[in-house]
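Numbered per the UniProt record's numbering, the sequence shown spans residues 1 to 275.
Even glycine gets a Cβ: it sits at the ideal position worked out from N, Cα and C.
Read through the structure below, which is laid out as C-alpha cells, and then see the notes.
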Amino acid sequence: MSTTPTIEDHCLTMEKLSGSLLLRLTLIFNLITSIIALPLLLASSYALWRARVAKLFHINIIIMFQVHILGFILHCFSRIILHTLDLYNYAFLDYCNMTPSTIRCFVFRVQYVFGLWIVCATTVPLVIERYIATVKSSNYEHIGCSLGVAMAALQVLIAFGLTFINFRSFSFEEPVMNYCMGIKAGARFADLQSVFMVIHLALFIFILNIGEHVEKATYISLVEMNAPYPIYAVISIVVLLKKAHLNKVKLKKTLETHVNADQNVYFENFKKFLV
C-alpha cells in the first residue's frame with residue numbers, strides 16, 4: 001500500500017501548521033530579527049574595510065571575517081524570503097494552496113543552510129591562521145593576503161561539504177512540501193562554534209529525539225527557535241561596536257592625561273626612565 005501523502009493529507013497538515021499560534025509567533029520573531037540583522041551586517045561589511053579600526057587588523061583576518069559576514073547575510077536573506085512567504089500563505093491562501101513547492105524549498109533552504117555552515121566553519125580557518133601568525137610573528141605583518149584567501153576558500157569548502165551532507169537525501173519525488181526543511185529528523189551533525197554552538201547542538205539533538213512525540217507545528221517551531229542566527233549576528237555586532245567605543249574612550253582619556261600632564265613632572269619621569 002502506498003504511503004505517499006494525498007492532497008487531502010497535505011491540506012489537513014497545512015491547516016494544522018497555519019493554525020499554530022506558536023509557529024506563527026516563531027516565524028514573525030525570526031523574520032523581525034533577520035530584517036534587523038541584514039542592514040547591520042551590510043554596514044559591518046562596509047566598516048570592515050573602510051573604518052579606521054580596520055587598519056588594526058591584518059588583511060587575512062579581514063578576508064575571513066568578510067566571508068563570515070557573508071554567511072550571515074545569506075542566511076538572514078533566505079530566512080526573510082522563506083518566513084515572509086510562509087506567513088503570507090498562512091494568512092491569505094487556502095489550506096490546499098499554501099503548500100510550498102519542493103523546488104522553492106530546496107533553493108532557499110540550501111542558501112539558508114549554506115550560510116549557516118559558513119558562519120560555523122569560521123572557527124577552523126581562524127585557528128589555523130592564528131597559529132601561522134604566531135609561528136611567523138616576526139614577519140607576519142609583511143605577508144600578503146594569499147593565506148587569507150586560502151583560509152576563506154577553506155571556509156567555503158567546509159560549508160559546501162556540510163551542506164551537501166545535509167541535502168544528499170533531499171527528495172524531489174513530491175512536488176510540494178508541508179514545510180521547507182532541509183534537515184530531516186535523525187540527522188546528526190557536529191557544530192564547530194564555541195558555547196553558542198554547543199548549546200545549539202545539544203538542544204537540536206533533544207528536539208530530534210522528541211520530534212515524534214509532539215505536534216508537527218510545535219516541532220517546526222522548536223527547530224526554528226533553536227537556530228537564532230540573526231540574533232547571534234545582531235549581538236555580535238553590538239558587542240563589537242561597544243568594545244570599539246570603549247577602546248576609543250580609553251584612548252581619548254589616555255591622550256588627554258598625557259596632554260594635560262605637568263611638564264616638569266613629565267620631564268622628571270622621562271629623566272628617571274633614561275637613568
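Grouping DSSP H, G and I as helix and E and B as strand, with all else coil, what is residue i?
| i | result |
| --- | --- |
| Ser169 | coil |
| Ser34 | helix |
| Ser20 | coil |
| Ser101 | strand |
| Ala51 | coil |
| Ile28 | helix |
| Thr122 | coil |
| Leu12 | helix |
| Ile143 | coil |
| His83 | helix |
| Phe57 | coil |
| Leu154 | helix |
| Ser138 | coil |
| Leu93 | coil |
In or out: residue i buried (at least 16 other Cβ within 10 Å) or exposed?
| i | result |
| --- | --- |
| Trp117 | buried |
| His83 | buried |
| residue 302 | The structure shown has nothing for residue 302, since the chain only spans 1 to 275. |
| His75 | buried |
| Thr122 | buried |
| Pro39 | exposed |
| Ile69 | buried |
What's the C-alpha gap between residue i and residue j?
| i | j | result |
| --- | --- | --- |
| Ser18 | Ala91 | 8 Å |
| Ile73 | Val119 | 10 Å |
| Leu22 | Asp86 | 14 Å |
| Gly161 | Arg109 | 15 Å |
| Phe65 | Ala152 | 9 Å |
| Ser20 | Leu93 | 15 Å |
| Glu15 | Ser146 | 54 Å |
| Glu143 | Ile61 | The sequence as given places Ile at residue 143; Glu does not occur at that position. Distance between the alpha carbons of Ile143 and Ile61 is about 12 Å. |
| Arg168 | Arg52 | 44 Å |
| Tyr95 | Arg50 | 49 Å |
Pop quiz: residue i and residue j are said to be a contact at Cβ under 8 Å. What is the actual Cβ separation, rounded to whole angstroms?
| i | j | result |
| --- | --- | --- |
| Ile80 | Leu31 | 6 Å |
| Ile28 | Gly148 | Going by Cβ atoms, the distance from Ile28 to Gly148 rounds to 39 Å, so no, they are not a contact pair. |
| Ala166 | Val113 | It should be pointed out that residue 166 corresponds to Asn in this sequence rather than to Ala. Correct: roughly 5 Å between the Cβ atoms. |
| Ala133 | Tyr140 | 5 Å |
I'd like to know if the segment 99-112 and the segment 39-47 are in contact, where contact means that at least 3 CB-CB pairs between them fall below 8 Å.
Pairwise C-beta distances place the segment 99-112 out of contact with the segment 39-47, as fewer than three of them are shorter than 8 Å.
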